[in-house]
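Written out below as structure tokens is the structure these notes cover.
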Amino acid sequence: MSHRATCVPVKIALRQRAITKPGRQTHRTDRSHIIMVNANRSLEIILGAVVVCAVLVFGSILLNGRPAGGGNDGLVIFAVFGNADGVDPGSAVKMSGVPVGRVVQSTLELPYYDAIVQIRLNPGVSLPDDTSAKVSFGSLLGGNFIELEPGGSSTMMQADHYIEDTSDAVNLVDLISTAVFNGGETSAD
């Protein structure tokens, strides 16, 4: 395609007449509208690239630490807590700060009112059967996770193993109010 063929629409646009004073017409030679069209197109391209990058970043954050292939392989175990506040399906399960699984679901066991947390470990992760679990504080924005502490047993967990050596979630509001109102002392009634 020749240069002349690509510039024809621009030349037609330049030949439009503009009225400057009543009764007097002149040729429009202002090219600012062409520059604005190109600037708008550039802005659209940049905004589109930013949106695509944002979607990729948030997608990788959501999928971080999840096992590949849908996450249906790996050992399923259970942990029994008195309080599993802040642990929701999808919460991380870590050992030494490294993700080793995810929480599948939490249910209430009656008549003892214990929280039973179902955990799916990543494929290839095996734990001693005397492993303990605690609910750890993730951040100020929430997002508690379960921290596993391996024991010293040589026997490994099997499917549907129940971890009963657990530590409950710490209620941050109770902790702060105790420190503020009691000077850090807990009341012994």
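Counting from 1, one number per residue, gives the positions in the sequence shown under the numbering used here.
Backbone N, C-alpha and C define an ideal beta-carbon position, used for all residues, glycine too.
Just so you know, these numbers come straight off a predicted model, no measurement behind them.
Which class does E164 belong to by DSSP, given the choice of helix, strand or coil?
-> To locate residue 164, count along the sequence shown from 1; it is residue 164. DSSP places E164 in coil when its eight states are reduced to three.
Beta carbon proximity, A79 to chain B, threshold 9 angstroms | Chain labels in this structure do not include chain B; a single protein chain is all it has.
My understanding is that D114 touches F81, with C-beta atoms under 8 angstroms, so please give their C-beta distance in whole angstroms.
-> If you number the sequence shown from 1, residue 114 lands on position 114. If you number the sequence shown from 1, residue 81 lands on position 81. That pair is a contact at about 7 angstroms.
Under 9 angstroms between C-beta atoms of M156 and S126 = Here residue 156 corresponds to residue number 156 of the sequence shown, with the count starting at 1. Here residue 126 corresponds to residue number 126 of the sequence shown, with the count starting at 1. Yes, the pair counts as a contact, with Cβ atoms nearer than the cut-off.
Start and end of the beta strand (DSSP E) containing F145?
-> Stepping through the sequence shown from its first residue, residue 145 is reached at position 145. Here the beta strand (DSSP E) through F145 covers F145 to E149.
Helix, strand or coil for D85 per DSSP?
-> Translated into the one-based positions of the sequence shown, residue 85 becomes position 85. D85 falls in the coil class under three-state DSSP.
Could you give the DSSP three-state label for S126: helix, strand or coil?
-> For the purposes of this step, residue 126 is identified with residue 126 of the sequence shown, where counting begins at 1. Coil at S126, not helix or strand.
How would you label L108, buried or exposed, when you count the other beta carbons within 10 angstroms and need 16 or more for buried?
-> As a position in the sequence shown, residue 108 is number 108, starting the count at 1. It is exposed - the Cβ of L108 has fewer than 16 other Cβ atoms within 10 Å.
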